[in-house]
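Q:
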Amino acid sequence: MAVTEIVSEINDDYSTSRDGVVPLSQRRSLYHFTALWVTMAAGITYLFLGFSYHDAGLSLGRAVLAGVLGAICYLAYALPAAYLGSSTGQTHALLTRSIFGKLGSGLMSVVLILIAAGWTAFAFNVLANLYDGLFGWGHIVAITVVLALVGIVNNLFGFTGITAFARYLVAPLMIIWIGYLVIKGVTDVPAAAWSSPGGSDQLSLLAGVGLAIGSVMWGNEPDTWRYGRPRFAWPLLPYTIALFVGLVLFVAAGWMMGYLSNTNALDFGGAFRSTVEYSLFGALWLGAILATALQVAINDGNYYEMINAGQNLAGHARGWKRWYTCLVMAALTALFAWRFPHLEEDFFTVAGWSAIALPSATVVMCVDQFVLPRVTGVRRHVGRIPTWRAAGFANWPAIVSVIVAMLFGAWGLQLLPGQTSAPDLGLVPVEAWLLAGLLYLGLGALATATSARAELLGIPHTAGDPVREETPR
């Protein structure tokens with residue numbers, strides 16, 4: 001990568017309306033994405049997922065099954081989401097400006113920032129707990145805040161910074177360690193553990209699948225895949241490898257952590273120390289290095305989506321640099337880390353919102369670009385990113401569809417304030433995505449049939465009526 005290209009990514013990284021479409025000449029190889037997504041769909045968070053499965057009473061077999069089913073559900077969503085990014089070359093946030101309008105884009109960008117900040121704070125909280133488990137340092141909140149501030153470093157160099165760290169260091173170390181841990185654990189975990197519960201409480205299989213979806217869900221897949229080749233099935237291999245590592249190997253390893261360690265329930269730091277002694281020959285310093293590398297790598301992805309959303313909101317300002325946005329997002333994450341320090345509670349809350357909010361918005365955008373044109377015969381063009389002044393005010397069918405899906409999902413996952421129990425609705429995240437897509441398809445089709453379609457769909461008047469172009473059959 002030439003120095004001039006790195007400098008360009010520090011300043012912008014194709015994240016503003018001035019220069020927001022990644023050219024085909026800058027698209028990256030499959031290996032880039034395989035290594036990157038191994039670190040984004042695996043890591044300590046997924047060890048914690050497997051550990052939580054064990055504590056909630058799932059057997060090893062059902063824990064792995066929940067991970068596999070969660071991976072399949074995620075893949076069904078992720079392939080069109082990735083194609084949305086690779087076919088347009090735009091970030092998730094910039095696409096919302098064209099498709100959701102000013103109001104919707106602002107709302108979606110804020111939601112994206114808040115969820116990513118929650119995940120980042122949680123991940124560094126986990127790392128601080130691991131340090132405490134390994135070395136007895138204590139000061140969990142203070143260490144989490146410091147990590148949140150310094151963890152932004154790789155993102156200062158844009159997409160190049162996060163992929164280089166992933167492919168050259170983290171992914172190879174991760175696969176070697178977890179592979180060895182699982183192979184050794186299989187020999188020491190009795191066969192009965194594959195079918196007998198691992199803890200005292202009970203978690204249904206569907207709830208476990210939903211938790212796996214929330215853990216692996218990003219929602220802003222266009223942000224990374226805009227650097228990929230614009231072919232629908234092109235991401236299949238990287239996704240498959242990454243999901244196998246994260247939702248099969250790491251989940252199994254996390255479950256084994258809970259089974260093999262003699263720690264109290266949810267003492268994740270103590271369980272990690274026991275695991276390091278078991279699989280890394282007692283080298284606590286090596287366990288700390290691996291844990292740090294894994295958490296920094298996965299938070300590179302969290303910071304990246306926060307920064308791209310922030311660039312959508314502020315990157316157009318005169319004199320504004322991308323690294324200013326990096327500093328703002330680091331400060332916001334530090335605030336989250338200080339305000340929400342509870343490990344288990346934060347995990348279930350953030351995973352729940354992550355499973356429904358951003359993916360519902362992405363599904364709506366996929367329907368807008370790939371399905372609605374085939375149904376109505378008209379297409380919205382997103383090739384040129386509108387400025388905030390030129391963008392339409394609001395795509396009301398899209399906004400309504402996402403809000404309804406989020407409310408349904410929050411109710412189904414017991415995320416609403418004051419809610420004391422969750423209804424038995426099945427696989428709530430997938431149902432929320434389908435609700436968002438089908439509702440938008442219906443409302444969008446009705447809107448295109450009215451004379452006020454430009455106002456309803458957030459089409460700027462200065463653009464004529466770009467949705468009137470017939471779609472080739």
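Using the UniProt record's numbering, you'd call the opening residue of the sequence shown number 1 and step up by one each time.
Don't be surprised by glycine CBs; every beta carbon is placed ideally from N, CA and C.
Predicted, not measured: the structure shown is a model, and the values here were computed from it.
Where P238 and Y31 are concerned, what is the direct C-alpha to C-alpha distance, given to the nearest angstrom?
A: Straight-line Cα distance between these residues: approximately 8 Å.
Q: Nearest to I143 by alpha carbon, out of I152, G133, A78, N129?
A: Checking every option, the nearest Cα to that of I143 belongs to N129.
Q: So what's N220 in DSSP terms, helix, strand or just coil?
A: If DSSP states are grouped into helix, strand and coil, N220 belongs with coil.
Q: Going by alpha carbons, who is nearest to G287 out of R273, L249, T362?
A: When each option's Cα is compared against that of G287, the closest is R273.
Q: Give every residue of the same chain whose Cβ lies closer than 7 Å to the Cβ of V400, excluding the five residues on either side of it in the sequence, and list them in chain order.
A: Within the same chain, V400 has close Cβ partners L443.
Q: DSSP on P457, reduced to helix/strand/coil?
A: Reading the sequence as shown, one finds Leu at residue 457 and not Pro. Residue state, collapsed to three classes: strand.
Q: Who are N302's beta bridge partners in DSSP?
A: Answer by DSSP bridge pairing: none, since N302 is not bridged.
Q: Alpha carbons only, please: which of A351, I298, G228, A422 is nearest the one belonging to L79?
A: Ranking A351, I298, G228, A422 by Cα distance to L79 puts G228 first.
Q: Examine the Cβ distances between the segment 53-73 and the segment 132-147 and report whether three or more of them are shorter than 8 Å.
A: Short answer: they don't touch.
Q: By how many angstroms is the C-alpha of L47 removed from the C-alpha of F244?
A: If you take the alpha carbons of F244 and L47, they lie about 13 Å apart.
Q: If we call anything under 8 Å between Cβ atoms a contact, is T333 one with Q311?
A: No; because the gap between Cβ atoms is not below 8 Å, this pair is not in contact.
Q: Taking V68 as part of the alpha helix (DSSP H), name the residues at either end of that continuous run.
A: 60-88 is the extent of the alpha helix (DSSP H) around V68.
Q: How far does the alpha helix (DSSP H) with T387 in it reach, from first residue to last?
A: Taken as a continuous stretch (DSSP letters only), T387 belongs to no alpha helix (DSSP H), as it is neither H nor E.
Q: How long is the line joining the alpha carbons of P373 and R379, rounded to whole angstroms?
A: One C-alpha to the other measures close to 5 Å.
Q: Cα separation between P472 and G70?
A: In this prediction, P472 scores a pLDDT of 31, lower than 50, which makes its location untrustworthy; the coordinate-derived value is nonetheless stated afterwards. Straight-line Cα distance between these residues: approximately 36 Å.
Q: Out of W218, N395, S86, G104, state which residue places its alpha-carbon closest to the alpha-carbon of A42.
A: Looking at the Cα atoms, W218 is the closest of the given residues.
Q: Taking a contact to mean a Cβ-Cβ separation below 8 Å, would you say V21 touches G210 in this structure?
A: It is not a contact, given that the beta carbons lie outside the stated cut-off.
Q: Assuming contact is defined by CB atoms lying nearer than 8 Å, are S215 and A351 in contact in what I supplied?
A: For S215 and A351, yes; Cβs fall inside 8 Å.
Q: Using the rule of at least 16 other Cβ atoms within 10 Å of the residue's Cβ for burial, across every protein chain shown, is G319 buried or exposed?
A: G319 should be labelled exposed.
Q: Of the residues L103, K321, A81, which one's Cα is nearest the Cα of L456?
A: It is L103 whose Cα lies nearest to the Cα of L456.
Q: Could you give the DSSP three-state label for I162: helix, strand or coil?
A: Residue confidence for I162 is low, a pLDDT of 45 falling below 50, so the modelled location carries little weight; the figure read from the coordinates is stated next. It is helical.
Q: For the segment 85-160, list the alpha helix (DSSP H) runs that are entirely contained and at least 4 residues long, ordered along the chain.
A: If we require 4 residues or more, the alpha helix (DSSP H) runs fully inside the segment 85-160 come out as 92-99, 101-135, 140-150.
Q: Which residues in the same chain as F370 place their Cβ atom closer than 6 Å to its Cβ, once the five residues preceding and following it in sequence are excluded?
A: Excluding positions up to five away in sequence, the list is empty.
Q: How big is the Cα-Cα spacing for residue 542 and G437?
A: Because the chain is modelled from 1 through 473, residue 542 falls outside the range shown and cannot be assessed.
Q: For the structure I just gave you, are there three or more beta carbon pairs, one from the segment 297-305 and one from the segment 121-128, closer than 8 Å?
A: Yes, since at least three Cβ pairs between the segment 297-305 and the segment 121-128 fall closer than 8 Å, the two stretches touch.
Q: Can you tell me the Cβ-Cβ gap for T34 and I241, rounded? I've got them flagged as a contact below 8 Å.
A: Indeed they touch by this definition, with Cβ atoms about 6 Å apart.
Q: Verify whether the separation of the beta carbon atoms of F51 and G254 is less than 8 Å.
A: In this structure, G254 lies closer than 8 Å to F51 by Cβ.
Q: Could you please give the first and the last residue of the uninterrupted alpha helix (DSSP H) stretch that includes W338?
A: Unbroken alpha helix (DSSP H) run through W338: 322-339.
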